[in-house]
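Trainee:
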DNA sequence: ATGAAAGCGCTAACAC
DNA sequence: GTGTTAGCGCTTTCAT
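Residue numbers (this note's numbering), protein chains in the order written: chain A, 1 to 336; chain B, 1001 to 1336.
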């Protein structure tokens, strides 16, 4: 920075002021500094400036994986806001339990970020408490954390809406496929979606049947196979299937097609998420605005960083919306 | 740190030495420092230590998106190595041209990372030259950058291997679906895969036919529909289709199934990538070790950071492997 | 083996 | 509107 100051013929203070966009710099000096900075391709060292301001200019994210559609989408949305705010994005991905323990033991984000976003992670109360003592605001994404800042979608309304779509198509025997694969950070949404399904049935006066609710445990297509085997073996099989997540819905379509059961001719299939693949497969689904979640979470984090009076327990609930595609249709006629 | 020193009854120097694992600390002092640090949940400030060491302890990644399967997988692999090396991961995602221009204009990674990884990004020579002047090692992932460090897979061998698989199943009319959707950072692999396809045909004495090579342009299933329309309208339609990327292969399967053309009974479909979805769809594919690419790139970066004598233009080529699943089978008999 | 002191590159207060 | 100066929290000589 001293070099820039020399070249521009001003003091380092003026350079600092100019580069931070403070108004108290004469147009002339400002111009000379900018030119000098460009010529020397000077970039502020966040380390040095952070040392004195106490800010790091960085937002950290804790996520169980980076290779899932959902986390990737959230990060995309987040990236946009942060860039706009001049904040950097630092990622702590914690693949297994050992790494998770290490993270919470050392808490490396402690002094190295201005805020922490926890994406799609079911934390224990003990872990959350640990984060409370972090000294920086924490925002929970895709999870309701009572008493803490969180951003999530309205799973109940989404599932209710999806189920109603099937009811409106004439379906009465609507199976529900629950994911019991133990996907990290998902148990919360899972419970809520099931509630929405039940509510829609109740509202429409459709009788709920336990036999129509199946837990999909096995991974890969086998899980869907087992579930469909069960459902199709029923005295009165369903005419529609609502899968809690797109992945299972898609696997189900695959299984049905292999069995030459037409979708949606003989069986409608509905998903939840709007995974990129839902479009490729023409799956009707309850879309969850993943990148929007990231954007909102980023804004919340920004507010929490900039404004000490911001509510540290603010909640933001985002709506879902149904995307009708080709995998759902009217209930088959009796003759079929 | 001063607090820790007080509590442990030593000087800050001793605390610093202990926390960095230097050997020149008495067991007694070491123990007291560790205890004090734990009690105060003290974490080193990278900003302050970086200021004096000149290292940031951070590796930056430049990627066009975060929500793609490939980038996510690379980052997962990368995350592991970096964590092991005590390095943090910082992400610069550059969604559009404006952001891209801004990145190369300001080069924010300049003094804020010890290395930069460029993932899946077709840079102009001018942009690459700009990165050369960054002052930190740059590693190109999924791209051959002549004269610069890069990590990529052997696309030619992979495509050759995949094509041979189809030939071994008896196929002679093998269509090739090229992605012309302008996916960022992909033109390089695209060319190489096509070469591999051609080589395999030539090796086996199978005549290449231009009519069998189709560019898929439209997005979503429509692109696959158009391509299959073209191919199935041929006097002598193909019996197998090799899609350059899994996404197109999967869309193709969807199109074929809607048209009641059995896969692989009447048409075999082969992909390239091993996208997470390939497994759900039982797609035979040439697997590309995405997270392994990240791991190797991370190690390369680490070597470049630690060892000034490391070859700044090292290349690492990773192998692909064929994963046979249910979407490819023997060529249909003439009676079919 | 340990401590004292200098200084990394920047910002913030204070003078001017 | 601009320059001077004192640190921010560490690491690193240099003594001891």
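From the three backbone atoms N, C-alpha and C, an ideal C-beta is built for every residue, glycine too.
The model shown is predicted, which means the values in this text are computed figures rather than measured ones.
Which runs of the beta strand (DSSP E) fall wholly inside the segment 38 to 67 of chain A and span at least 3 residues, in chain order?
Mentor: 58 to 63
Trainee: Judging by CA-CA distance, which residue of 202(A), 191(A), 136(A) is the nearest neighbour of residue 307(A)?
Mentor: Within the first chain, numbered from 1, the residue matching residue 307(A) stands at position 307. The residue with the shortest Cα to Cα distance from residue 307(A) is 136(A).
Trainee: Tell me the DSSP bridge mates of residue 1315(B)?
Mentor: On the second chain, position 315 is the one that residue 1315(B) refers to. In DSSP, residue 1315(B) forms a bridge with 1150(B).
Trainee: Residues of chain A with CB closer than 7 Å to the CB of residue 1047(B), please, in chain order.
Mentor: As a first step, residue 1047(B) is located in the second chain; it is residue number 47 there, counting from the start. Simply 47, 50, 51, 56.
Trainee: Do you know whose CA, among 1302(B), 1277(B), 1085(B), 1114(B), lies nearest residue 45(A)'s CA?
Mentor: Numbered from 1 along the first chain, position 45 holds the residue referred to as residue 45(A). Selected option, being the one with the closest Cα: 1114(B).
Trainee: I think residue 1302(B) touches residue 1151(B), with their Cβ atoms under 8 Å apart; what is that distance to the nearest whole Å?
Mentor: Locating residue 1302(B) in the second chain gives position 302, where the first residue counts as 1. Locating residue 1151(B) in the second chain gives position 151, where the first residue counts as 1. In fact, because the Cβ distance is near 13 Å, the residues do not count as touching under 8 Å.
Trainee: Regarding residue 177(A) and the ligand NAD, is the C-beta to nearest heavy atom distance less than 6 Å?
Mentor: For the ligand NAD, the structure offers nothing, since it holds no ligand at all.
Trainee: Could you give the distance in angstroms between the alpha-carbon of residue 241(A) and the alpha-carbon of residue 267(A)?
Mentor: Against the first chain, residue 241(A) aligns to sequence position 241. Against the first chain, residue 267(A) aligns to sequence position 267. If you draw a straight line from the Cα of residue 241(A) to the Cα of residue 267(A), it is about 7 Å long.
Trainee: Run down chain B in chain order and give the residues with a C-beta less than 8 Å from the C-beta of residue 106(A).
Mentor: Here residue 106(A) refers to the residue found at position 106 when the first chain is read from its first residue. Ordered by position in chain B, the residues that pass the 8 Å Cβ test against residue 106(A) are 1043.
Trainee: Name, going along the chain, the residues of the segment 1122 to 1135 of chain B whose beta-carbon falls closer than 8 Å to a beta-carbon of chain A.
Mentor: 1133
Trainee: Would you say residue 179(A) reaches chain B, if we count a Cβ-Cβ gap shorter than 7 Å as a contact?
Mentor: For this step, residue 179(A) is matched to residue 179 along the first chain. Judged by the 7 Å Cβ criterion, residue 179(A) is not in contact with chain B.
Trainee: Is it the case that the segment 1243 to 1254 of chain B contacts the segment 1262 to 1277 of chain B, given that we only count it when at least three CB pairs across the two stretches are under 8 Å?
Mentor: At 8 Å Cβ cutoff, the stretches touch.
Trainee: Below 8 Å on the Cβ atoms is my contact criterion, and I expect residue 1004(B) with residue 1037(B) to pass it. Report the Cβ-Cβ distance as a whole number of Å.
Mentor: The residue labelled residue 1004(B) in the question sits at position 4 within the second chain. The residue labelled residue 1037(B) in the question sits at position 37 within the second chain. Going by Cβ atoms, the distance from residue 1004(B) to residue 1037(B) rounds to 5 Å, so yes, they are a contact pair.
Trainee: Helix, strand or coil: which one does DSSP assign to residue 213(A)?
Mentor: Residue numbering aside, residue 213(A) sits at position 213 when the first chain is read from its first letter. It is a strand residue.
Trainee: Pull up the CB-CB distance for residue 196(A) and residue 156(A), whole angstroms please, since I reckon it's below 8 Å.
Mentor: Numbered from 1 along the first chain, position 196 holds the residue referred to as residue 196(A). Numbered from 1 along the first chain, position 156 holds the residue referred to as residue 156(A). Indeed they touch by this definition, with Cβ atoms about 4 Å apart.
Trainee: Which residues of the segment 235 to 253 of chain A have a Cβ closer than 8 Å to any Cβ of chain B? Give them in chain order.
Mentor: Against chain B - using a Cβ distance shorter than 8 Å - the residues of the segment 235 to 253 of chain A are 247, 250, 251.
Trainee: The alpha helix (DSSP H) with residue 187(A) in it runs from where to where?
Mentor: For the purposes of this step, residue 187(A) is identified with residue 187 of the first chain, where counting begins at 1. First-last of the alpha helix (DSSP H) with residue 187(A): 187 to 203.
Trainee: Could you pull out every residue in the same chain whose Cβ sits closer than 7 Å to the Cβ of residue 40(A), ignoring the five residues on either side in sequence?
Mentor: Within the first chain, the letter at position 40 stands for residue 40(A). Taken in chain order, the residues that qualify are 3, 4, 7.
Trainee: With a threshold of 16 other CB atoms inside 10 Å of the CB of residue 1074(B), please say whether the residue is buried or exposed.
Mentor: If you number the second chain from 1, residue 1074(B) lands on position 74. Buried.
Trainee: I'd like the span of the beta strand (DSSP E) that includes residue 271(A), first residue to last.
Mentor: Sequence index remark: in the first chain, residue 271(A) carries index 271 (1-based). For residue 271(A), the enclosing beta strand (DSSP E) begins and ends at 268 to 273.
Trainee: Determine the chain A residues that contact residue 1089(B) at a beta-carbon separation under 7 Å, and present them in chain order.
Mentor: Here residue 1089(B) is taken as the residue at index 89 of the second chain, counted from 1. Chain A residues near residue 1089(B): 90, 91.
Trainee: Give the DSSP bridge partners of residue 1116(B), in chain order.
Mentor: For the purposes of this step, residue 1116(B) is taken as residue 116 along the second chain, with counting starting at 1. Looking at the DSSP assignment, residue 1116(B) forms a beta bridge with 1060(B), 1138(B).
Trainee: My parser needs the alpha helix (DSSP H) runs of 4 or more residues fully inside the segment 83 to 128 of chain A; what are they?
Mentor: Here the runs fully enclosed are 97 to 106.
Trainee: Which two residues bound the contiguous beta strand (DSSP E) that contains residue 1286(B)?
Mentor: For the purposes of this step, residue 1286(B) is taken as residue 286 along the second chain, with counting starting at 1. 1284 to 1287 is the span of the beta strand (DSSP E), which, as asked, contains residue 1286(B).
Trainee: For the segment 184 to 209 of chain A, enumerate the residues whose C-beta is nearer than 7 Å to any C-beta of chain B, in chain order.
Mentor: Under the 7 Å Cβ criterion, the segment 184 to 209 of chain A contributes no residue.
Trainee: Using the beta-carbon count (16 or more within 10 Å), is residue 234(A) buried or exposed?
Mentor: If you number the first chain from 1, residue 234(A) lands on position 234. Classification of residue 234(A): exposed, given that the 10 Å Cβ count is below 16.
Trainee: So, does the CB of residue 1336(B) fall closer than 7 Å to a CB anywhere in chain A?
Mentor: By 1-based counting over the second chain, the position of residue 1336(B) is 336. Low confidence applies to residue 1336(B): its pLDDT is 45, below 50, so where it sits in the model is not reliable enough to give any reading.
Trainee: Flag this pair as yes or no: are the beta carbons of residue 322(A) and residue 161(A) separated by less than 7 Å?
Mentor: Position 322 of the first chain, counting from 1, holds the residue named residue 322(A). Position 161 of the first chain, counting from 1, holds the residue named residue 161(A). In contact: residue 322(A) and residue 161(A) (Cβ atoms closer than 7 Å).
Trainee: Tell me the DSSP secondary structure of residue 1336(B) in three-state form.
Mentor: Taking the second chain and counting its residues from 1, one reaches residue 1336(B) at position 336. Unreliable positioning characterises residue 1336(B) in this predicted model, as indicated by a pLDDT of 45, which lies under 50. The coordinate reading is nonetheless provided below. Three-state result, residue 1336(B): coil.
Trainee: Rounded to a whole number of angstroms, what is the C-alpha to C-alpha distance between residue 297(A) and residue 333(A)?
Mentor: Counted from its first residue, the first chain places residue 297(A) at position 297. Counted from its first residue, the first chain places residue 333(A) at position 333. Rounded to whole angstroms, residue 297(A) to residue 333(A) spans 46 Å at the Cα level.
Trainee: Would you mind telling me which residues of chain B sit closer than 8 Å to residue 110(A), beta carbon to beta carbon, in chain order?
Mentor: Along the first chain, one-based indexing puts residue 110(A) at 110. By Cβ distance, chain B contributes 1041, 1043.
Trainee: Ends of the alpha helix (DSSP H) at residue 1304(B)?
Mentor: What you label residue 1304(B) is simply residue 304 of the second chain in a count that begins at 1. Run containing residue 1304(B): 1290 to 1306, per the alpha helix (DSSP H) assignment.
Trainee: Output yes if chain B places a C-beta closer than 7 Å to the C-beta of residue 279(A); else output no.
Mentor: Residue mapping note: residue 279(A) aligns to position 279 of the first chain, counting from 1. Taking Cβ atoms only, chain B reaches closer than 7 Å to residue 279(A), which makes this a yes.
Trainee: Below 6 Å CB to CB, which residues in the same chain sit around residue 1001(B) once its five sequence neighbours on both sides are set aside?
Mentor: What you label residue 1001(B) is simply residue 1 of the second chain in a count that begins at 1. If we look at residue 1001(B) and ignore the five residues flanking it on each side, its Cβ neighbours are 1012, 1015.
Trainee: Report buried or exposed for residue 1285(B), applying the criterion of at least 16 other Cβ atoms within 10 angstroms of its Cβ.
Mentor: Position 285 of the second chain, counted from the start, is the residue given in the question as residue 1285(B). In the assembly as shown, residue 1285(B) is a buried residue. Its beta-carbon has 16 or more other beta-carbons within 10 Å.
Trainee: From the DSSP output, in three-state form, read off residue 377(A) for me.
Mentor: The question about residue 377(A) has no answer, for chain A in this structure spans 1 to 336.
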